[in-house]
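K.L.:
Under numbering that gives the first Met the number 0, think of the first position of the sequence shown as 0, with each following residue one higher.
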Amino acid sequence: MAYSTSSSSSIASDFKAHLIKEFQVKSHEVAIAELNSLSSSRAVYQKNGNIFFCTTNQKATASEQRHLDVTKRKLEMLNIS
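1. Expressed to the nearest angstrom, what Euclidean distance is found between the alpha-carbon atoms of residue 42 and residue 10?
2. For residue 45, which beta-bridge partners are listed by DSSP?
3. With a threshold of 16 other CB atoms inside 10 Å of the CB of residue 17, please say whether the residue is buried or exposed.
4. Please name the residue, chosen from 68, 23, 39, that lies closest to residue 58 on a Cα-to-Cα basis.
5. For residue 34 versus residue 49, is the C-beta spacing smaller than 8 Å?
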């Protein structure tokens, strides 16, 4: 019985991690869509650590795209295992 309990808790934690990654993917996709809707001359603020820095729309979009790619790769790794 102890094996099934640890197995079910492992499945639950894997499912939770999967949901968190899916939420992060959606969050990055929304951020990219919002950045794309702004004019290119508009200044945006990007959070690095606990501080917000003024940057260009293009740099913020590229950064979000990198974060999205990394999160998607992590999600794929969860799906494989």
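C-beta: ideal position from N, C-alpha, C; glycine also. Computed from a predicted model, the values in this text were never measured in an experiment.
P.N.:
According to the structure data:
1. One-based indexing of the sequence shown puts residue 42 at position 43. One-based indexing of the sequence shown puts residue 10 at position 11. Roughly 44 Å separates the two Cα atoms.
2. For the purposes of this step, residue 45 is taken as residue 46 along the sequence shown, with counting starting at 1. Bridge partners of residue 45: 52.
3. As a working mapping, residue 17 is identified with position 18 in the sequence shown. Classification of residue 17: exposed, given that the 10 Å Cβ count is below 16.
4. For this step, residue 58 is matched to residue 59 along the sequence shown. The candidate whose alpha carbon is nearest that of residue 58 is 39.
5. By 1-based counting over the sequence shown, the position of residue 34 is 35. By 1-based counting over the sequence shown, the position of residue 49 is 50. Not a contact, by the Cβ cut-off of 8 Å.
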